[in-house]
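*Asks:*
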Amino acid sequence: MSTTRTENDGKARLDDMKQGVLGEPLPRIDGLAKVTGTARYAAEYPIDNCAEGVLVTSTITHGTVTRLDTQAALTMPGVIAVIDDSRLITRAVQGTAGEAPQQAPVTVCYWGQPIALVVAESFEQARDAAKRIHVEYDASPNPSLSPDDVTPEEQEDDTVSQGDLEQAMKDAAHSVDVRIATKGHASAAMEPHAAIADWDGEELTVHASLQMLNYNISELADALDIPEDKIRLIARFVGGGFGSKLGISPDVVAASLASIKLKRPVRVVLSRQQVFQCIMRRSETTQRLRLAATSEGKLIGFGHEALVSNLPGEEFCEPVLQSSHFMYRGENRELMLNLARIHRMTAGSVRAPGEAVGMPALEAAMDMLAEKSGVDPVQLRLMNIPDKDPENDLPFSSHKLAECLRQGADAFGWDAGPRKARQRREGEWWIGTGMASGARIHNTMESRTRVTLSADGTARVETDMTDIGTGTYTILAQMVAEMLGMDPAAVRVDIGDTRHPRGPGSGGSWGASSIGSAAFLACRAIREDLAARAGVAEEALDLRDGKVGGGRTLVDVLGGESLSHEGHYKPAKAQEEYTAAGFGAFFAQVRVNHFTGETRVDRMLGAFGFGRVLNRRTARSQFLGGLTWSIGTALTEALEFDPRDGHLVNCDLAEYHVPVHRDVPDLDVVLVEERDAIASPIEAKGIGELGMCGGAAAIGNAIYNACGARVLQFPITPDSVLASLPRDSCKLLREAGAMRGLA
Amino acid sequence: MQPFELVRAPSPSDAAQLTKDEHTRLIAGGTNLLDLMKLQVETPSRLADISRLDCAEITDTPDGGLRIGALVTNTATAVHPRVRQDYPVLARAILAGATQQLRNKATTGGNLCQRTRCFYFTKIDQPCNKRDPGSGCSAIEGVAKLHAVLGTSDQCIATYPGDMAVAMSALDAEVHIMKEDGTERSVPVRDFHLLPGDTPWRENELGRGEMITAVTLPPPVGGAHYYRKVRERSSYAFALVSVAAVIEIEGGVFTRADLAFGGLAHKPWFDPAIGAVLLGKAADDALFDEAADVLLQSARGFGENDFKIPLARRTLRAVLTQAVEDAA
Amino acid sequence: MFKGTIIAKEAAKGFEEIQDMAGTIGINGTAHSLPADPRTSLLDFLRHDLGLTGTKKGCDHGQCGACTVIVNGMRINSCLTLAAMHEGDRVTTIEGIGGPDAPSDLQHAFMAHDALQCGYCTPGQICSAQAMLAEIAEGWPSDATADLTSEATFSDEEIRERMSGNLCRCGAYANIVAAIRDVARGRADATV
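Chains as they are written, first to last, in the numbering used here: chain A, 28 to 770; chain B, 34 to 361; chain C, 2 to 193.
1) Enumerated in chain order, which unbroken segments of the beta strand (DSSP E) with a length of 3 residues or greater are wholly contained in the region 130-155 of chain A?
2) Taking 8 Å as the CB-CB limit, is ASP183/C close to chain A?
3) So what does ALA564/A bridge to, in DSSP terms?
4) Where does LEU698/A sit, in a helix, a strand or coil, going by DSSP?
5) Any beta carbon from chain C within less than 8 Å of PHE622/A's own beta carbon?
6) Exposed or buried, what is GLN131/C when buried is set at 16 or more other beta-carbons lying within 10 Å of its beta-carbon?
7) Does GLN98/A pass the burial test, meaning 16 or more other C-beta atoms within 10 Å, or should it be called exposed?
8) Under 7 Å between beta-carbons, which chain A residues line up against ASP158/B? List them in chain order, please.
9) Look at the Cβ atom of GLN133/B, then the Cβ atom of ARG186/C, and state whether they are nearer than 8 Å.
10) Taking 8 Å as the threshold (beta carbon to beta carbon), is THR744/A in contact with chain B?
11) Note down, in chain order, each residue of its chain lying with its Cβ closer than 6 Å to the Cβ of VAL72/C, except the 5 sequence neighbours on either side.
12) Below 8 Å CB to CB, which residues in the same chain sit around GLU88/C once its five sequence neighbours on both sides are set aside?
13) Who are the neighbours of MET34/B on chain C, taking C-beta pairs under 8 Å?
14) Under 9 Å Cβ-Cβ, which residues of chain C neighbour MET239/A?
15) In the DSSP output, which residue or residues are listed as bridge partners for LYS574/A?
16) Please report the straight-line C-alpha distance between HIS595/A and GLU588/A, rounded to a whole angstrom.
17) Kindly confirm or deny that the region 103-112 of chain B and the region 129-143 of chain B touch, where touching means at least three C-beta pairs closer than 8 Å.
18) Any beta carbon of chain C sitting closer than 8 Å to that of ALA665/A?
19) Here's a check: name, in chain order, each residue in its chain whose Cβ is nearer than 6 Å to the Cβ of PHE610/A, leaving out the five neighbours to either side.
20) If contact means a Cβ-Cβ distance below 9 Å, which residues of the region 172-191 of chain B contact chain A?
21) Assuming contact is defined by CB atoms lying nearer than 8 Å, are THR149/B and TYR193/B in contact in what I supplied?
22) Output needed in chain order: residues of the region 672-692 of chain A with a Cβ under 7 Å from some Cβ in chain C.
23) For a contact defined as C-beta to C-beta under 7 Å, what are the partners of PRO77/B on chain D?
24) Under a three-way DSSP split, which group does PHE547/A fall into?
25) With a 10 Å radius around its C-beta and 16 neighbouring C-beta atoms as the bar for buried, classify ALA552/A as buried or exposed.
26) Is PHE111/C close to chain A? Criterion is C-beta to C-beta, closer than 8 Å.
27) Mark LYS600/A as exposed unless 16 or more other C-beta atoms lie within 10 angstroms of its C-beta, in which case mark it buried.
28) Any chance you could list the alpha helix (DSSP H) runs of at least 4 consecutive residues sitting entirely within the region 79-124 of chain B, in chain order?
29) Give the residues of chain C in contact with VAL62/A, contact being defined as C-beta atoms less than 7 Å apart.
30) Give a yes or no on whether the minimum CB-CB distance between ALA103/B and chain C is below 8 Å.
31) Between the alpha carbons of ALA723/A and ILE369/A, how many angstroms are there, rounded?
32) What three-state label does DSSP hand MET211/B in the structure shown?
33) Could you compute how far the alpha carbon of SER331/B sits from the alpha carbon of LEU183/B?
34) Does the region 642-649 of chain A come into contact with the region 490-503 of chain A, if we say contact requires no fewer than three beta-carbon pairs (one atom in each stretch) closer than 8 Å?
35) In angstroms with no decimal places, state the Cα-to-Cα distance between ALA179/C and MET112/C.
36) Based on Cα-Cα distance, which residue from ASN728/A, ASP112/A, PRO417/A, TRP138/A lies nearest to ARG449/A?
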């Protein structure tokens, strides 16, 4: 028996359930597979006769491939073929595109662009042969490489002009007008992009490392020009994504074309350098913040402008202003986002596109306003929380920023007394604290999942939704166990396979609330069937520990039959009548070395309101991840591009500095209780991105409080601290008697 | 990697002889060589495995110094009781470099020969005089944050990336080299690495037909030992600037100041004149600046790495300030 | 004249081929023949030739630690070493530390503390932690050790420094440290 459930009545039901497992800190159900190394990732499926492919990438920035000399490579031992099919894709697909990106790799748009694939019997043979392909180009002269070199395109949807900001700046008792730059970021997921494609003459099966199979299958079908129903995509375990695996990547299409051509399975794994150079970068940004406030610190004007970049033809534009539109009050507003077209690698989604860099800049400016106005930074935020969206007057679906600020400050031990930089010193180290608000817009996406309650009283949930480390496996087991009244161990979660109903994909932090809602709806349909069999109203159905109403067992009620329903969640129209976001507050204590400008984070805390908690353990882990990324954004992560050919220079994990163990201290997370009934039927919002939307500013603001260096760029590296230190620092030191041992 | 044959060298002199072939490389830990072979920066047709040769011991020398075999791992050196006791600057320098996994594999000889991390050297599609003589230096007008400010040439501004050799330089250690005929010669570590000049591909004194067999440390010099490394992560990052120092202060004046610097040049930077400024004088800020002036008198930045000049000054000041505090 | 033993070769170049080159390498207690192509890294040998895919390839250049295995008691990056150079060596991979039927104390602790998210760095973290605890027990100092001549002490800062060769992009570091701390205490209690 199978029906489709589509309505979304928004009525909170989960709190009426009896099993009591939803929200509980259940250890992740895929944990054992992961700690024993038995969880299989894309490249790890044992497939007989699998050939190995390695991509050849361009060594010019812009132009045309005029000749691909494959002679030398093809005569090398083990080399099977060179694939230069015009269907190869030149870049990774942007999230939710659902169609192929630019193909035909004879046209080169950035240094490092894939142009061909070498296939050999072994990986070493293929890697070597890829270096022996001689490529001739017709290079275009002087491609634009720097955002400052071109006239940018205004993103009109983001432009807001309300009141008169310039006048407000003049009228303000306190104002801040500051420019802040952020460097580009890489997702740098630990598992490199990889695919094994196997064409059996009828159907193409691809094991790939992807976040959104529901879109990816359309993208691959479009790229290959074959029907979707001939394709099966499998991604049961994904070694991190952070935006870089939203869309299909060049390895997926290359492996597929090679398999179809060679009629044998082909594996393509990108090298780490290729992952850096031809997947996605977060755009660098230059931002201007203008804040105008009354003498008490109340905002009357708010300005946020940003310049970002991308390749010609790419739609994605780092949405820097996304949460700035509704974060703070201020009736006079100017917001504008500009996009520069340059020939650097594709810019796209990296964890929390927009707020990851927009919020730190805004929150650094807020710290400057707090200093100017003499208002405590926490109080300044509290007094500027708007009652409704300041640009479109929509109400907020739920808004927990104030609670996050208060609970966070309390848990951190925030000193609300007068603040002055350079007040605490231990040996060589200045010590200071800082805070910042955070926000991340909330979205949900259409999702389907099938839930089956089997005659033996166990359940199965099936969807093509992925778990990229977020905890999808576990929260789905908890959702079904809660709704159907059973131990989560009795729920089999079968995900990451396009043979199953289409989920929402993992991205934009919408995964859990969307797929959780679909599972909720499927379970509710099953409950209605059970209620009919038990002769009670669904609302009165008491399911717990495999029993109905504490009496008959589920097995008994099912009587040898199984019940199966597909839950189909569609975002409700009502959501459009609200502004919905997760909110948070970040607090950090840092030490800055007086001599060298090195910064260490001593401790950090985040308090977050994000709707219903589905699993306290995995939710906390997501926030730990966000805080860790905040540290990277604040201190270490920066993509560097060559000024002459635009290639990504620091294209490996030795020189692109993701935080290491020693960079990350004990982190505290406060989960602020919230139910957001508008956000989703299960009253949950996103977690994965919120944890880094502003956190870097808490660290930057703490650096200022520690040593007096107001660094107007992220990351805040030792050299930038030294360049911003007050000039009289040594003199001050002596006055403070801190330079012991010095005359 | 390009295809190669792997042979096992039975003795150091055989290994030395094998290197007469320009397409042969010796491999011990392999952590740097294989890294570069995968990128095809190194393309030997033969690797001679020397990892099982009898050069993996640390022994006392007759004069009370220490002989560290070329195949002693970085870990074995750093954890050796005498190194920790008598040459802590060396243990500190090694522990500040790389990771435990790499130090467990990397060897003394290999680490001395570690090649630069210059972004352009490691990309075979970019011009680089070190990798491809005459092709030009991409770093001079490129991304040069990690690059040298001392002893550069118009051919190359790469840095030597290691830490161990910086400490060995401060300690005035000797590199022992075996020739193909079985005879040995030795070179002070301070002279082992070369400045780029017009031959940036020549990085050290080791010639064809030679193999490093050991490094000897002189008898313990006492004093307080410091290795201060400034980097962009708190661990597992190459030095922006590092300072190795052996310092003695008696009665408030410097009686020993052996200083070597990493991250600034194509070699560990040692100049006896820097320490000489300090000797016999009472510590103060102005004196530290005087020493830094000697260190940096010929320093030249290339834009992005200009900061290394003040950073070197400040790091030296940090080390000397610490030494003064410890001596008090 | 050179008298060396040829371990493996792709092309004969005038060196006498030794018949007994069929050396083996011990992986988790089982002897395996060395690979034919000397280019094969220990990592690719494990993952591809032996199907031991628990050891992960994250960067192939010794920069991430996902490939960490324990060779003769020492943790190393299996990507930066040739399998053919490990004749006679004993290699322990994550599969040798504990399978799903009998996870080790570290594996249990990683689960209990949610010391993993995507799981890709996890086997390397566990192998690294396993060796790291032994290194502290041996008294080896680290960059975080204040006094090089005294006994190494166990602290969170020591764990963090010693584990810094294992990147985790999901950001599970805080939980990984908690898991290792628990195991270290548990093992210490067990030996009292």
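Ideal placement from N, C-alpha and C gives every residue a C-beta, glycine not left out.
A quick note: this is a predicted structure, and the numbers were derived from the prediction, not measured.
*Replies:* Taking the structure as given:
1) Whole beta strand (DSSP E) segments, 3+ residues: 141-147.
2) The residue you call residue 183/C lines up with position 182 of the third sequence. Chain A places no beta carbon closer than 8 Å to that of ASP183/C, leaving this residue out of the contacts.
3) Your numbering for residue 564/A matches position 537 in the first sequence. Looking at the DSSP assignment, ALA564/A forms no beta bridge with any residue, so it has no partner.
4) Start at 1 with the first residue of the first sequence, and residue 698/A comes out as number 671. Correct three-state label for LEU698/A: strand.
5) Locating residue 622/A in the first sequence gives position 595, counting from the first residue. PHE622/A has a beta carbon lying at 8 Å or more from every beta carbon in chain C.
6) The residue you call residue 131/C lines up with position 130 of the third sequence. Burial call: buried.
7) The sequence position of residue 98/A within the first sequence is 71, counting from 1. Looking at its Cβ environment, which holds fewer than 16 other Cβ atoms inside 10 Å, GLN98/A is exposed.
8) On the second sequence, position 125 is the one that residue 158/B refers to. The answer, in chain order, is THR86.
9) Indexing the second sequence from 1 puts residue 133/B at position 100. Indexing the third sequence from 1 puts residue 186/C at position 185. No, the pair does not count as a contact, with Cβ atoms beyond the cut-off.
10) The residue given as residue 744/A occupies position 717 in the first sequence. THR744/A has a beta carbon lying within less than 8 Å of a beta carbon in chain B.
11) In the third sequence, residue 72/C corresponds to position 71, counting from 1. Closer than 6 Å at the Cβ level, and outside the excluded window around VAL72/C, lie ASP90, VAL92.
12) As a first step, residue 88/C is located in the third sequence; it is residue number 87 there, counting from the start. Excluding five sequence positions before and after GLU88/C, the CB atoms of its chain that fall closer than 8 Å to its own CB belong to ILE8, GLY24, THR25, ILE26, LEU35, given in chain order.
13) Here the question's residue 34/B lines up with position 1 in the second sequence. Within chain C, the residues whose beta carbon sits less than 8 Å from that of MET34/B are ARG40, listed in sequence order.
14) Mapped onto the first sequence, residue 239/A falls at position 212. Residues of chain C passing the Cβ test: none, with the nearest at roughly 15 Å.
15) Working through the first sequence from its first residue, we reach residue 574/A at position 547. BP columns for LYS574/A point to ARG571/A, THR580/A.
16) As a working mapping, residue 595/A is identified with position 568 in the first sequence. As a working mapping, residue 588/A is identified with position 561 in the first sequence. Straight-line Cα distance between these residues: approximately 23 Å.
17) Enough Cβ pairs lie closer than 8 Å, so yes.
18) One-based indexing of the first sequence puts residue 665/A at position 638. Not one chain C Cβ lies under 8 Å of ALA665/A.
19) Locating residue 610/A in the first sequence gives position 583, where the first residue counts as 1. For PHE610/A, the CB contacts under 6 Å within the same chain, skipping 5 residues up- and downstream, are LYS427, LEU428, CYS431, ALA466, GLY636 in chain order.
20) Residues passing the 9 Å Cβ filter: GLU174, GLY175, VAL176, LYS178, LEU179.
21) Taking the first residue of the second sequence as 1, we reach residue 149/B at position 116. Taking the first residue of the second sequence as 1, we reach residue 193/B at position 160. Yes, Cβ-Cβ distance for THR149/B and TYR193/B is below 8 Å.
22) Under the 7 Å Cβ criterion, the region 672-692 of chain A contributes ASP679, LEU680, ALA681, VAL685, VAL687, HIS688, ARG689, VAL691.
23) Although the question refers to chain D, the structure presented lacks it and instead comprises the protein chains A, B and C.
24) As a working note, residue 547/A is residue 520 in the first sequence. Helix, per DSSP.
25) Residue 552/A sits at position 525 when you count from the first residue of the first sequence. The residue in question, ALA552/A, is buried, as its Cβ has 16 or more Cβ neighbours within 10 Å.
26) Taking the first residue of the third sequence as position 1, residue 111/C is located at position 110. For PHE111/C, the answer is yes, since a Cβ of chain A falls inside 8 Å of its Cβ.
27) Position 573 of the first sequence, counted from the first residue, corresponds to residue 600/A. Using a 10 angstroms sphere on the CB of LYS600/A, the tally of other CB atoms stays under 16, which defines it as exposed.
28) Counting only runs of 4+ residues, the alpha helix (DSSP H) found wholly inside the region 79-124 of chain B occupies 107-112, 114-119, in chain order.
29) Taking the first residue of the first sequence as position 1, residue 62/A is located at position 35. PRO104, GLN108, PHE111, MET112, LEU117, THR123, ILE127, listed in chain order.
30) Here residue 103/B refers to the residue found at position 70 of the second sequence. No - not a single Cβ of chain C is within 8 Å of the one on ALA103/B.
31) To locate residue 723/A, count along the first sequence from 1; it is residue 696. To locate residue 369/A, count along the first sequence from 1; it is residue 342. Rounded to whole angstroms, ALA723/A to ILE369/A spans 27 Å at the Cα level.
32) Along the second sequence, one-based indexing puts residue 211/B at 178. In this structure, MET211/B counts as strand in the three-state DSSP scheme.
33) Within the second sequence, residue 331/B is the residue found at index 298, counting from 1. Within the second sequence, residue 183/B is the residue found at index 150, counting from 1. Spanning the two alpha carbons is a distance of roughly 7 Å.
34) Output reads yes: the region 490-503 of chain A touches the region 642-649 of chain A.
35) As a working mapping, residue 179/C is identified with position 178 in the third sequence. As a working mapping, residue 112/C is identified with position 111 in the third sequence. Looking at the two C-alpha atoms, the distance is approximately 11 Å.
36) Position 422 of the first sequence, counting from 1, holds the residue named residue 449/A. It is ASN728/A whose Cα lies nearest to the Cα of ARG449/A.
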